[in-house]
Every structure is written in C-alpha cells, then in structure tokens.
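Chains as they are written, first to last, in the numbering used here: chain E, 1 to 377; chain G, 1001 to 1381.
The C-beta atom is built at its ideal place from N, Cα and C for all residues, glycine as well.
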Amino acid sequence: MITLTDEQQQFRDSLQRLLRTDYSFERRRGIAASASGWSEATWGALAELGVLALPLPEAHGGFGGGAMDVLVVMEECGRALLLEPYLATVVMGAGLIARTGTEAQRAALLPAVAAGERRLALAHYEPGGRYALDALATEARLAGEGWVISGEKAHVLHGATADQLIVSARTPRGVSLFLVERGAPGLEVHDHPQYDAQRAVTIRLADVRVGAGALLGEEGTATAAIEYTIDAAIAAVCAEAVGAMSALLEATGQYLKTRKQFGVPIGSFQVLQHRMADMLLETEKARSMALLAASRLADATRDERRRIVSAAKVKVSEAARFVGQQAVQLHGGIGVTDEFAVGHYFKRLTMIELAFGDVDYHLGEVGKRLFGGTSTR
Amino acid sequence: MELGFSAEDEAFRGEVREFVRARLPLALRNKVVAGEPLAKAEYLAWHRILFERGWIAPNWPTAFGGCEWSAVRQHIFDEECALAGAPGILPFGIRMVAPVLMKFGNAAQQQRFLPRILSGEDWWCQGYSEPGAGSDLASLKMRAERRGGHYIVNGQKTWTTLAQYADWIFCLVRTSNEGRQQEGISFLLVDMRTRGISVRPIIMLDGGHEINEVWFEDVEVPADNLVGEENKGWTYAKYLLGHERTGNAGVGYCRRWLTELKALAQRERGNDGRALAQDPRFRDRMARLEIDLMALEVMNVRVLMLEQQRHAPGPEASMLKIMGSELQQALTEETMRAAGHGAMRYPQAGTGHYFNFRKASIYAGSNEIQRNIIARHILGF
C-alpha cells in the first residue's frame, strides 16, 4: 500500500537530519566542483546510517527493503539535491546483481556495496538509440574460457566512479550482462558533467576481454532484468523529483512571503497564490504517482508494471517541468542565477524529465497498452 | 483498481461487486449508463436496497447506523457501485447534513433526522447559495427572525439540486447583521412542505431540470430546528463543505466513463480512416486521461486516509475537488469529441453530459475558491 510504516518514517527523519546538517547548499557546491563530483565522506555517512544496505537482500548484508524504502531515501536525495551515486550504485547496480547474479557474485559484491566500499554503474543505453531499451548493438563473443566485448555506451550514470560497470551486450543466446572492471584493457571511459552537476560517462569497449565469471547470471536472459532495473530507476527518480519539488514549494512559498514590491509581500497577490496552488496540485499528483509506482513495482505483472511506471514518469515529468519553471519565474531575477538553490533544483528536475524516457516516450508506452493486449483492470 | 489492496479488501470488493450485480435492477442500470435523468422513485429504489443491506452510509460511525469502513473500503465501495452503473447516492442527506447533525446537532435532532436519512424517508436538499451570495457565501441575506418559538424566514436560495424531490432543506440564514458577516449566520432545518415555500425550476445547458430556485415568504420554522447555536452557523457550514468536497472526486464514475470512451473509440472511425482508437493524437489524449485517473485514485485514497486520521476533512479535500472535477470535464469533453458530427444531434447523452458537467468546476466552491483555500490553509498565505 501507499502508506509509510512507522519504521520508514523514522528512517526518513534520521536521513533528513543527516542531510540537513551535512549537506548544505554551500557544501554541495564544493562537492560539485571537486574532481570526482561526489563526496566520500557523505557516502560513508550514508553507509553508516544503513541507507546503502536498506534495499539489499538480508542474506548479503542488506536490510531486505523494497521500493517503498527506496522511495523514502530518494525523496530525501531530491530534497537535498544529493550528488552521490545512490541511484547508479544501489538502486540500479546492486539491484541488478541481486536480481540476476549468481550466489557467488551476490556474495562478492552486495556486502561491499552495503558497506560503502564498492560502486557500480549500469552501461546499457547506446549512442543513437535514444530511449529504446532494445537498441543494443554491443556484442560479446565467446573467446576461450571468457568473452570479448565490443561496442559503445552512453548515459552511463556515475560510470567514472564505478569499480565495476555492468555492461549489456548481445550474445549468441540473447541479451547478457557482464561485469567489467574499471581500467580493463580496451575500455575507454569519457567522464562528463550533466547540467545538474551529476556525472555520467560515455564508454567505448574495444575488444575488452573478461573471464567466464564476469557473465552476470545466465547467458541470454538479461532483457527482463534490464527492464525491471530501468523501471526501478524510474520509480526512484520519480520519488527524487517529488522531494525536489517539495523543497522548491517551500523555498518559493518563503520567498513570496518575504519579498516585498509595491509595499506588500508579493505573496499577497492572488495570481501568485493561485500559481502556487497549481504547483502544489502538480506536486501532489506527482507524489501520488510516485507512491503508486513504488508500491506496485514488485508485485505487478511486467505489462502492468511498465504501464504504471510509464504513467508515473509522464505525470512526474510534467509536474517537474511546471513546478521547476514556475519556481524560477516566481523568484524573478535571482531564479535564473547560479547563486540560489532554486535554479539547481530546476536543473535536476529537468534532467530527471530527460532521463530514462521523456514524456513522449512514456506516453507512447501507456498508449500502447490502452486498448486490448493488456487489460487495464 | 490501480493500487494493490490487501486480500481482505479485495475479498470485500468481490462481495460488493456480487451484491451490486445481483441487486441493481437492470433497467435502472441501463438508464444510469445511458446518462438519462432518474425519477425520484428510481433514486430511492437503489437507496433502499443499500439501506436494507446496511451499506447506505459508508462513512458514518456504527453508533448512528453507518458502516464506519476504512478509507480503502469506502473507496472500493464507491468505485464498485459506480463501475456497475448504480445511481449515485445523493450526498445532501448522508454526506452533508448528517455529519453536521452528528457533530453539532442535539440528541433530539439526531434521533429525529438521522434514521430517516438512512432509510431514505427524508430527501434533503441544500440551501446555501443565493443570487447575491455564490463564491462569497458569507454575504448571504436570507433572513430568519426569531418570534417566540419560531423563526420567520424570508428570502431566496438558488442552484438547489433536486429541490423538486426534497422533503427537507438545510439552510444558511442570516440571524444577525452585527459584526463580521460570518458571525450572523445560523444553520436551520426547514420542512419543504411548510407554507410559504415555492420551488421554481432552472433548466440547464443540456435541457435538464436538475436545479431550482427556492423562495421563502414568511415561512415559519420551529426554533427546535436550529442546529447548534444561533449565529455560529458559519462554522457548521464550513464543516459540511469539507465533506462535500471529499465526496465528489468521482473516481468510479471517471473509470466507467473512460471505459465507455475506449469502447466508443474502437467503434468510431478516426480521421485517418482507421478506428479512432488508432489515431495517435487521440491516443495521446486518452493516455493522459488514463494517467490522470490513476493519480486521482491514489489521491482519493490518500485524502480519505487523512480524513479518517483527523476525524474531519482537511484542506486537502480542495485538491481532490479540483482534480476530480477537471478529470470529469476532460472525460465528458473527449466523449463528445469522439462522436464527431454525431455529437451535434440533440438529444445526445455524450454532448449533454459535456454541457452539464461544466457545473463541476463551479459547484461545491468554484475551483478558483478551492485555490484560495489551498493558498490560505495549506500554503499559509
């Protein structure tokens, strides 16, 4: 269901306390400007609080949480505009290993992720493939005991800091996933910042050799796990966006109550009050959809899950755009400067809108399932 | 139906669905689905069926004969009834005046009125708006002067839904002109058969007679019919409005309308020669409606849960009212458009519905008033 348990609420409160004291806007600015673009110290604090272990399986150092726990964490990440690779490492990387890895792979990697010692990144999207999950040209061929992988990858979130990349490739039996160590010969990684100060990389794999043990799970069976992982990532960024929108509503409300023009606080003008009411409405619609996506992620059938997640991404993206643009507008001139937090929230929300499928892509996914094929009730 | 409910709640859904399937008269269902106006006897027939089952008052405490269901079960019940094509239970008694009587009425009033609301013996209507008092409800002028054991009531109410069927009307009346205008309002229960009351129909854009003017000329109302204290009626009035807003999200209706629209879109020819359902422009709009419905359903459950925690509706009900009315209007608009030229011919349920439902963003506090409430009570302006 869509309600949080007492435990989840307590967890949210502790995470909120940590980030409030530890992750001020000024501190974040420093972290964004650093070489790696994220903070080891904050990562350590998150590990200590159990945030990294939260959604990982209990058998491998985790707390066995689910998508509703991730929602709680991601909402706070959004509120604090966190730059650390939580989505890439925990939600996507570790999530994928927990789902598809062999017992040995899970035992080797998951406890290390939970302890904050290991970072991961999924390298799936390819240049020119836009948002299609099946636009996969990268190939891996059997070579002796191991595999040789060739291809190009794009939009690999936090790929530069990952100890291991999880690379998707076509193999004789279908689509497979491989663990590729950082610095493997033939692996070229180009790090670049995004507009939201998060990092991503493009990757070239030129005959990268990996051992037989690098194959994640069984050969040729990765498609469903990749889809699930992208859906989990979408549910997570939906929650993150809700956190960011809540922060923007608070900041904008405060600003309208203190900023005076014509001798009165500008928040006394009805046109601005109604704009804020609309921003709240959009945020609450988005929150409803983020809750729906998280609450149904694990139990829905594939088609139902894709429909709900796509629906959430449409609603959240449109809310994010509206709330972000209007928060900037209502702040006036300072809204378009780098000096105030509002613009940084707007930039993160805009990147969330563009990531993992835009509004048109996901509207199409919902549209495909409107008539026949998939039942809607 | 998007949310994952517990097995017990889903079993409850099955029970409701089976009951409605077995007991809802087919002729009545067909009339509701076709969007035809219902006679008083038809509304009451369904009311009595639910009353006999003990399901007429999902939100009432059991002490007063209600179901006292959880938020989720209230949601499931409303949704199943609407999906099956059951007539709506009119809110004026069950959902509006009853909560006021439970909270602010005296024991005699509770004993006198609540059982008759449950059984359907008394049909209530709402005497709030006046020609000069719409959004600015507190400026209402209908006078009630105390003379001995009675109030003498003079003035006019308007937009009174189904007053032509009503046995009773709950009225906001002015009992004082001192102080702020909110401070001189009282909440009075008036028997519609009292001498001096006349009802005049107002015909709406779809040609239907749903609303009325109600005129009061020297109407004598026993002082026992005053709810709570004289001049404190504004507090009771606002409490009632909160209940009204939560009640009109209409998730179940929206779902039935969307299902019907999908079926229509598969029969109608689209602009490119294929079925309308295949038209990419139409599909995008349909996908948006479906997404909005998902958001509305979750929002409805969230607001019902909050209401239950606090034992009263909060300002979130205003968000629900805006979201529900906007989706209802969007659905009626698309249903009209889907029929093409066919939508122009009078009478036509789809087009009539479109014109009729322009009311949804105006009644129960216009959506602009709801935004004022959100701005003041949630955002703190």
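Answer yes or no: the CB of residue i versus the heavy atoms of the ligand ATP, is any distance below 7 Å?
i, result
"E/Gly151", "Absence of the ligand ATP is noted for the structure shown, with no ligands found whatsoever."
Interface residues of chain E around residue i at Cβ under 8 Å?
i, result
"G/Ile1362", "Simply none; closest approach about 16 Å."
"G/Leu1044", "In chain order: nothing, as chain E lies at least about 30 Å away."
"G/Glu1008", "Here the premise fails: no neighbours, minimum Cβ distance about 12 Å."
"G/Val1298", "Ile2, Ser288, Met289, Leu291, Leu292"
Return the CA-CA distance between residue i and residue j, expressed in angstroms with no decimal places.
i, j, result
"E/Leu19", "E/Thr171", "43 Å"
"G/Leu1028", "G/Glu1042", "7 Å"
"G/Ser1198", "G/Thr1158", "12 Å"
"E/Arg12", "G/Met1102", "38 Å"
"G/Ser1318", "G/Leu1090", "20 Å"
"E/Glu188", "E/Arg27", "31 Å"
"G/Ile1094", "G/Glu1008", "26 Å"
"G/Cys1254", "E/Val210", "55 Å"
"E/Leu177", "E/Gln16", "35 Å"
"E/Pro55", "E/Ala94", "9 Å"
"E/Cys77", "G/Arg1281", "36 Å"
"G/Ile1152", "G/Val1303", "40 Å"
"E/Val382", "E/Thr223", "There is no way to answer for residue 382 of chain E, as the model of chain E reaches only from 1 to 377."
"G/Val1016", "G/Leu1293", "22 Å"
"G/Ile1362", "G/Arg1116", "30 Å"
"G/Arg1195", "G/Asn1154", "12 Å"
"E/Thr374", "G/Ile1076", "The predicted model places E/Thr374 with a pLDDT of 42, which falls under 50 and marks its position as unreliable; any figure quoted below should be read in that light. Approximately 22 Å, taken between the alpha carbons."
"G/Gln1278", "E/Arg306", "20 Å"
"G/Leu1286", "G/Leu1276", "It should be noted that the sequence gives Met, not Leu, for residue 1286 of chain G. Each residue's alpha carbon lies about 11 Å from the other."
"G/Ala1039", "G/His1243", "25 Å"
Could you tell me the boundaries of the alpha helix (DSSP H) in which residue i lies?
i, result
"G/Val1303", "1280-1310"
"E/Arg348", "341-354"
"G/Leu980", "This structure cannot speak to residue 980 of chain G, because chain G is shown only from 1001 to 1381."
"G/Trp1046", "1040-1053"
"G/Asp1167", "That residue, G/Asp1167, is in no alpha helix (DSSP H); it is neither H nor E in DSSP."
"E/Thr378", "Chain E is shown from 1 up to 377; residue 378 of chain E falls before or after that span and cannot be answered."
"G/Thr1332", "1316-1338"
Residues of chain E with CB closer than 7 Å to the CB of residue i, please, in chain order.
i, result
"G/Ala1287", "Leu363, Val366, Gly367, Leu370"
"G/Asp1284", "Leu363, Gly367"
"G/Ala1295", "Lys285, Ser288, Met289, Lys315"
"G/Ile1291", "Ala311, Val314, Lys315, Val366"
"G/Ala1277", "Phe371"
Can you pull the chain G residues whose beta carbon is under 7 Å from the beta carbon of residue i, in chain order?
i, result
"E/Gln329", "Those within 7 Å of E/Gln329 in chain G number zero; the least Cβ separation is about 16 Å."
Could you work out which residues of chain G lie near residue i, taking near to mean beta carbons separated by less than 9 Å?
i, result
"E/Gln273", "Arg1371, Asn1372, Ile1374, Ala1375, Arg1376, Leu1379, Phe1381"
"E/Asp299", "Gly1004"
"E/Ala251", "Residues of chain G passing the Cβ test: none, with the nearest at roughly 13 Å."
"E/Leu281", "Met1319, Ile1322, Met1323, Arg1371, Ile1374"
"E/Ile234", "Within chain G, no residue comes near E/Ile234; the closest Cβ sits about 14 Å away, beyond 9 Å."
Go through its chain and collect everything with a Cβ distance to residue i's Cβ below 6 Å, but skip five positions before and after it.
i, result
"G/Ala1163", "Cys1125, Val1199, Asn1212, Val1214"
"E/Ala293", "Ala235, Cys238, Ile308, Val309, Ala312"
"G/Trp1060", "Gly1066"
"E/Met92", "Leu122, Thr229, Ala233"
"G/Ala1349", "Ala1034, Gly1035"
Give every residue of the same chain whose Cβ lies closer than 7 Å to the Cβ of residue i, excluding the five residues on either side of it in the sequence, and list them in chain order.
i, result
"E/Val72", "Leu4, Gln8, Phe11, Arg12"
"E/Ala225", "Leu96, Arg99, Thr100"
"E/His155", "Tyr125, Ala200"
"G/Glu1333", "Tyr1354"
"G/Thr1062", "Glu1068"
"E/Arg275", "Gln326, Leu330"
"E/Asp421", "What is shown of chain E runs 1 to 377, which leaves residue 421 of chain E out entirely."
"E/Tyr361", "Tyr131"
"E/Val51", "Leu15, Val73"
Chain E partners of residue i, CB-CB under 9 Å?
i, result
"G/Arg1302", "Ile2, Thr3, Glu284, Arg287, Ser288, Leu291"
"G/Met1305", "Ile2, Thr3"
Could you give the first and the last residue of the continuous beta strand (DSSP E) run that contains residue i?
i, result
"G/Tyr1151", "1150-1157"
"G/Phe1187", "1185-1191"
"G/Gly1127", "1124-1127"
"G/Arg1146", "1143-1147"
"G/Pro1222", "1209-1222"
Residues of chain G with CB closer than 8 Å to the CB of residue i, please, in chain order.
i, result
"E/Ala114", "What E/Ala114 touches in chain G: nothing, since even the nearest Cβ is about 28 Å away."
"E/Ser295", "Leu1003, Gly1004"
Item to complete: Report the residue ranges of all alpha helix (DSSP H) runs contained in full by the region 217-293 of chain E; include only those spanning at least 4 residues, in chain order.
Response: Under the rule that a run must span 4 or more residues, the alpha helix (DSSP H) segments found entirely inside the region 217-293 of chain E read 223-258.
query = Taking any Cβ of chain A, which residues in the region 259-270 of chain E have a Cβ under 8 Å from it, in chain order?
reply = Reference to chain A is not applicable here, since the protein chains of this structure are E and G.
Q.
To test your reading of the DSSP string, which unbroken alpha helix (DSSP H) runs of 4 or more residues are found completely within the region 31-117 of chain E?
A. Every alpha helix (DSSP H) of 4 residues or more that sits fully in the region 31-117 of chain E is shown, in chain order, as 40-49, 67-80, 95-100, 103-114.
- Task: At 3 residues or longer, and completely inside the region 133-178 of chain E: list those beta strand (DSSP E) runs for me, N to C.
- Result: Here the runs fully enclosed are 139-143, 146-157, 164-171.
What runs of the alpha helix (DSSP H), each 4 residues or longer, lie entirely inside the region 1050-1092 of chain G?
-> Within the region 1050-1092 of chain G, the complete alpha helix (DSSP H) segments of 4 residues or longer fall at 1071-1083, listed in chain order.
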